[in-house]
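Read in order, the letters of the sequence shown are residues 1 to 184 in my numbering. Heads up, the beta-carbon is just placed ideally off N, CA and C, and yes, glycines get one too. The block underneath contains the structure these notes are about, expressed in structure tokens.
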Amino acid sequence: MSATNKGMRRQRLQQVAFHEIGHSVVATLYGRPFDITIMPRDDGSTGGVVLDPTPRTENRPHLSREAEIQTLLAGVEAERVFLGREQLGRREKGDFGLANYDKARAEGLASYCCNSPTGTKRYVKEMRVKVKKLLRENWNAVEALANELIGIVDGGIRTAGGNVKLPCGRVQEIVEEALEKRVA
Ligand SMILES: [Zn+2]
């Protein structure tokens with residue numbers, strides 16, 4: 001493999017990691033940490049990603065609609081911060097399936113509490129502003145999770161299904177540690 005391919009794969013991996021971490025950090029801040037799972041493709045690059053809610057038997061609150069919408073929007077917003085606007089714009093033209101899916105789901109949820117398409121758009125925009133602020137305020141938690149997740153990838157640690165996984169309990173620990181550091 002050429003050095004360029006390797007570099008691109010690394011960049012793609014980091015991008016996917018930041019995207020999924022964005023979802024997970026925001027869910028954790030609302031009291032419901034998610035597992036982060038990355039599924040590498042056969043060619044070694046990073047493929048799809050799954051966010052599993054923590055086991056439902058655990059006594060965790062359900063996310064409110066507002067928290068759920070913000071959690072959905074958090075993936076692309078975390079990527080935006082990681083990549084910078086220019087690079088994201090390039091990706092938006094092509095490989096942006098994950099983010100489009102998130103956006104469609106966020107708009108679907110928002111439509112339940114808004115009377116018109118314009119109202120829905122405005123509400124989603126308002127949620128986006130909130131989630132951006134939340135991510136900026138807790139960016140050290142995002143970075144701490146990214147270090148851990150990329151460490152798992154580099155260490156070659158995989159689940160039985162061949163995925164890279166950061167369990168919700170560990171996600172919560174890392175986020176809490178980061179929050180304590182911020183206060184101190
Ligand atoms: Zn997403």
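Backbone secondary structure at residue i - three-state DSSP
{"i": "Thr37", "result": "strand"}
{"i": "Leu166", "result": "strand"}
{"i": "Ile157", "result": "coil"}
{"i": "Tyr30", "result": "coil"}
{"i": "Asn138", "result": "coil"}
{"i": "His62", "result": "coil"}
{"i": "Gly84", "result": "coil"}
Residue i - partner residues in DSSP beta bridges
{"i": "Leu51", "result": "Ile36"}
Limits of the unbroken alpha helix (DSSP H) element including residue i
{"i": "Ser116", "result": "Element bounds for Ser116: n/a, residue is neither H nor E."}
Cut-off 7 Å between Cβ atoms - residues of its own chain near residue i, not counting five sequence neighbours on either side
{"i": "Gln15", "result": "Glu79, Phe82, Leu83"}
Close Cβ partners of residue i (< 6 Å) along its chain, the five nearest in sequence each way excluded
{"i": "His23", "result": "Leu51, Thr71, Ala74, Gly75"}
{"i": "Phe96", "result": "No answer about Phe96 holds up, because its pLDDT of 49 lies below 50 and its placement is not dependable."}
{"i": "Lys165", "result": "Thr37, Thr159"}
{"i": "Asn163", "result": "Thr37, Met39"}
{"i": "Ala144", "result": "Ile174, Ala178"}
Sequence-distant residues of its chain with Cβ nearer than 8 Å to residue i (five each side left out)
{"i": "Asn140", "result": "Ala178, Lys181, Arg182"}
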